[in-house]
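Asks: A single structure is presented below for examination.
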């Protein structure tokens, strides 16, 4: 079968990451989908000819950003019957209806997962999983720069200016981050989400927005006192038969699903009587992550109706993995108990992370949390421990997941 | 255009909810997709003829559960060139390869979002958004009954038997919940997720599993002492070039994205160097919720390439919504300040939820959190407050989201 020809417009951070990822994954995609994707042309500010690239492509990926000439290129691609994948939130929040109409007329796909919340699959879920759900409300943390800044201010007591400086240093904010911190970037994304969730046209100009420039360390101190979490929240909800779409700094109570989203992560909660609520979270930006979302869209345009491809690999099933364990022992309260248990663990190369021992009359309870070890070693140790004469009941063991997680700001 | 004809196999809780939802949403779907879905036949234990229903349908929805006769019906439907949507985790975890092969051969869609984690869109995201991502690991809370039981045990100190009884009373556990509590239900779901995430055949029999029947209140007491959260966790991960798929009770540290998933909710975290990690959560069961997932799959089978339909409604944009506010005032520390502020708020019908006042020499800081009020009223009140002569700096106001959330167990 011939290859699936992709024209790439724009080769900045995301464009370069996309080109690299497509090449890395071409074998897998060919095994999965039956066609091999191939980049047939790249348009940059200084190189490439749009008409030639268009002519040669089955699908055009637009990663130039901005309105002009992106709008013209996307429209021409759609009208030429090419599928289009874009990450352009400015374009969709201001000229979306025109582009979607062009895609319907040409009966081609226009996909844009990466335009909102990066690889967090909120666009696809609104368009497909929830295509006919009656949605009441949608809350989102859709700007990673501001979420990073607010997380840092809460964590360290820094001022807005200090936290912004740190975000810039770490690459979570651009040199000109005006539209991030004043809420306009989030407003564009909320316009796109509201259009999909409520089936009504929503233009960026209709979204009320406010930024985080005026947030002080005091506000975050009070948040902590009241058990609140301060986030830049986009809201789109039905109000009195109409629609409200807005972006503001908002305090969330601790049990809100968005309260625990920290650092540069994004998350969206969709509420509907049909589904109660679902929440999706993950990295909202970053070249490789955003490129993954773009590639997912490209593959969707390539995919035939049957969605589960033949197995592409035959992996062995591994049973003896490394796990950390909590071990709970009821023992006689007498000297040497801990020493004997520790000796057995040591012989099996199992290292103890924390121990808690409590006496209760002539009996004691010994609870330990271990570092990861082979499950077979832990089973062998428990077998030996269970034979110790001071044990009052069989040992109890439960696994512990202890790794550091990427959603934390450090 | 002719209607899109759906044959329904099975009319239990989910089947009945699906039939009702399809009828409720038929207008919206027709407006959105251009064709009206219609149920042309229902097969129950006592009524209906499979061959007649098959003949009349464009798509068959299988909600009978179990292996026999579901396997035969799904195979025959696929081989007859009909799309199939199923929620049958037993079937897919034991005969998935046979069914997926049949769907590829007939070039029809076999969708199964509702088979794992109800309306949480994990199947779609693995198949589409992450179709070419290199996934390292997947953790899931994929059984709502056990998550409810563990949440109750942690919250109230109940024993396993007591919490199971309560789950049954509230409808979160069936009368025979053996396969829920012993981990086998979660194991079937993990087999399906692992197949999609790693592209390798995975059979239910290859999944190691352990249930929560032996968990004691003690374990949960220690969890709380060590800052851990106890969950029944399914894990599928690459290990030494192979694959491990398993289900166990596991302690999670508090910052793990699954640690805060409580009550009957489900959630899945996917880890990949391409995407860092994404997490999806929501209701894992329930008739209407599962029916929503089934309907999303049906619509996907109906959808033409251009995914954003014409606007189906023109909603007014509402700007003056109800919001709760935090208000921060720096004032002279003198008598009557709180009274004057309270009077202005009262005149605008704004009710105060909590107040915190602190003196600092001749100055005081007054922080209040309000109940929801019209934003225009709050703006008017702030305008009046800002004119008070004892104010040292302009009043500061930030919104608060204070509602109760559905993911909490009560």
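Residue numbers (this note's numbering), protein chains in the order written: chain G, 891 to 1300; chain H, 891 to 1300. Glycine is no exception: its CB is placed at the ideal position from the N, C-alpha and C atoms.
Enumerate, from N- to C-terminal direction, the unbroken beta strand (DSSP E) stretches of 3 or more residues contained entirely within the stretch 1172 to 1228 of chain G.
Replies: Qualifying beta strand (DSSP E) stretches, in chain order: 1212 to 1222.
Asks: Any contact of the stretch 1178 to 1193 of chain G with the stretch 1164 to 1184 of chain H, i.e. 3+ C-beta pairs under 8 Å?
Replies: Yes, the stretch 1178 to 1193 of chain G touches the stretch 1164 to 1184 of chain H.
Asks: Just checking: is the beta-carbon of residue 988 of chain G within a distance shorter than 9 Å of some beta-carbon in chain H?
Replies: With 9 Å as the cut-off, residue 988 of chain G does not count as an interface residue toward chain H.
Asks: Residue 833 of chain H versus chain G: which residues are under 7 Å apart at the beta carbon?
Replies: Look at the range of chain H in this structure, 891 to 1300, and you will see that residue 833 of chain H is not part of it.
Asks: Between the C-alpha atoms of residue 968 of chain H and residue 1005 of chain H, what's the straight-line distance to the nearest angstrom?
Replies: Residue 968 of chain H and residue 1005 of chain H: Cα-Cα distance of roughly 18 Å.
Asks: Should residue 1114 of chain H go down as buried or exposed, given a rule of 16 or more other Cβ atoms within 10 Å for buried?
Replies: So residue 1114 of chain H counts as exposed.
Asks: What does residue 1017 of chain G reach in chain H if we use C-beta pairs closer than 9 Å?
Replies: By Cβ distance, chain H contributes 1193, 1197 and 1198.
Asks: Kindly provide the ranges of any alpha helix (DSSP H) runs that are 4 or more residues long and lie completely inside the stretch 916 to 984 of chain G, ordered along the chain.
Replies: Counting only runs of 4 or more, we get 940 to 946 and 960 to 969.
Asks: For residue 1248 of chain G, count the other beta carbons within 10 Å of its own beta carbon; 16 or more makes it buried, fewer makes it exposed. Which is it?
Replies: It is exposed - the Cβ of residue 1248 of chain G has fewer than 16 other Cβ atoms within 10 Å.
Asks: Quick check on DSSP: helix, strand or coil for residue 907 of chain H?
Replies: In the structure shown, residue 907 of chain H sits in a helix (DSSP, three-state: H, G or I).
Asks: Kindly provide the ranges of any alpha helix (DSSP H) runs that are 4 or more residues long and lie completely inside the stretch 1118 to 1173 of chain H, ordered along the chain.
Replies: Runs of the alpha helix (DSSP H) inside the stretch 1118 to 1173 of chain H: none found.
Asks: Determine the direct distance from the alpha carbon of residue 1202 of chain H to that of residue 921 of chain H, and round the result to whole angstroms.
Replies: Taking the straight line joining both Cα atoms gives about 6 Å.
Asks: Bridge partners of residue 1079 of chain G, per DSSP?
Replies: Answer is none; residue 1079 of chain G lacks a bridge partner.
Asks: So what does DSSP say about residue 892 of chain G, is it helix, strand or coil?
Replies: Three-state DSSP puts residue 892 of chain G in coil, outside helix and strand.
Asks: Should the stretch 975 to 988 of chain H be called in touch with the stretch 1076 to 1085 of chain H, which here means at least 3 C-beta pairs below 8 Å?
Replies: The stretch 975 to 988 of chain H, when compared against the stretch 1076 to 1085 of chain H, does touch it at the 8 Å Cβ threshold.
Asks: Quick one: list the residues of chain H neighbouring residue 1139 of chain G, beta-carbon separation under 8 Å, in chain order.
Replies: In chain order: 1288 and 1289.
Asks: On the premise that residue 1086 of chain G lies in contact with residue 1017 of chain G, defined as a C-beta separation below 8 Å, what is that separation, rounded to the nearest angstrom?
Replies: The pair is a contact, with the Cβ atoms about 6 Å apart (cut-off 8 Å).
Asks: On the CB-based measure, 16 or more other CB atoms within 10 Å of its CB, does residue 1206 of chain G come out buried or exposed?
Replies: Burial call: exposed.
Asks: From which residue to which residue does the beta strand (DSSP E) around residue 1028 of chain H run?
Replies: Counting along the chain, the beta strand (DSSP E) containing residue 1028 of chain H begins and ends at 1027 to 1031.
Asks: Would a C-beta distance cut-off of 9 Å place residue 975 of chain H and residue 1156 of chain H closer than the cut-off?
Replies: Not in contact: residue 975 of chain H and residue 1156 of chain H (Cβ atoms no closer than 9 Å).
Asks: Please classify residue 1287 of chain G: is it buried, with 16 or more other beta-carbons within 10 angstroms of its beta-carbon, or exposed?
Replies: Buried.
Asks: Helix, strand or coil: how does DSSP classify residue 1244 of chain H here?
Replies: The answer is strand: DSSP assigns residue 1244 of chain H an E or B state.
Asks: Tell me which same chain residues have a C-beta within less than 7 Å of the C-beta of residue 1295 of chain G, skipping the five on either side of it?
Replies: Because residue 1295 of chain G sits at a pLDDT of 40, beneath the cut-off of 50, its placement in the model cannot be relied upon, and the following sentence gives the value as read from the coordinates. So no residue of the chain qualifies.
Asks: Going by beta-carbon coordinates alone, are residue 1271 of chain G and residue 1241 of chain G separated by less than 9 Å?
Replies: No; because the gap between Cβ atoms is not below 9 Å, this pair is not in contact.
Asks: Touching or not, the stretch 952 to 971 of chain H and the stretch 988 to 1004 of chain H, by the rule of three or more beta carbon pairs under 8 Å?
Replies: Yes: at least three Cβ pairs fall under 8 Å.
Asks: Taking a contact to mean a Cβ-Cβ separation below 9 Å, would you say residue 1184 of chain H touches residue 953 of chain H in this structure?
Replies: Yes, the pair counts as a contact, with Cβ atoms nearer than the cut-off.
Asks: Taking CB distances under 9 Å as the criterion, tell me whether residue 1204 of chain G reaches chain H.
Replies: True, the Cβ-Cβ gap to chain H drops below 9 Å.
Asks: On the three-state DSSP scale, how would you describe residue 1290 of chain H?
Replies: Here residue 1290 of chain H sits in strand by DSSP.
Asks: Just to confirm my understanding: we take residue 914 of chain H, look at its own chain, exclude 5 residues before and 5 after, and list those with CB closer than 7 Å. What are they?
Replies: Around residue 914 of chain H: no qualifying Cβ.
Asks: Determine whether the beta carbon atoms of residue 951 of chain G and residue 908 of chain G lie at a separation below 9 Å.
Replies: Yes; because the gap between Cβ atoms is below 9 Å, this pair is in contact.
Asks: Answer with yes or no whether the minimum CB distance from residue 1276 of chain H to chain G is below 9 Å.
Replies: Not an interface residue.
Asks: By how many angstroms is the C-alpha of residue 926 of chain G removed from the C-alpha of residue 917 of chain G?
Replies: Between residue 917 of chain G and residue 926 of chain G, the C-alpha separation is close to 7 Å.
Asks: Taking only beta-carbon positions, decide if residue 1189 of chain H is within less than 9 Å of chain G.
Replies: So, interface residue.
Asks: With a cut-off of 9 Å, does the C-beta of residue 953 of chain H fall near any C-beta of chain G?
Replies: Cβ-Cβ to chain G under 9 Å: no for residue 953 of chain H.
Asks: Buried or exposed: where does residue 911 of chain H fall if 16 or more other Cβ atoms within 10 Å of its Cβ makes it buried?
Replies: Classification for residue 911 of chain H: buried.
Asks: Assuming residue 1035 of chain G and residue 1067 of chain G are in contact, meaning their beta carbons sit under 8 Å apart, how far apart are those beta carbons, in whole angstroms?
Replies: Residue 1035 of chain G to residue 1067 of chain G, Cβ: 6 Å. Contact.
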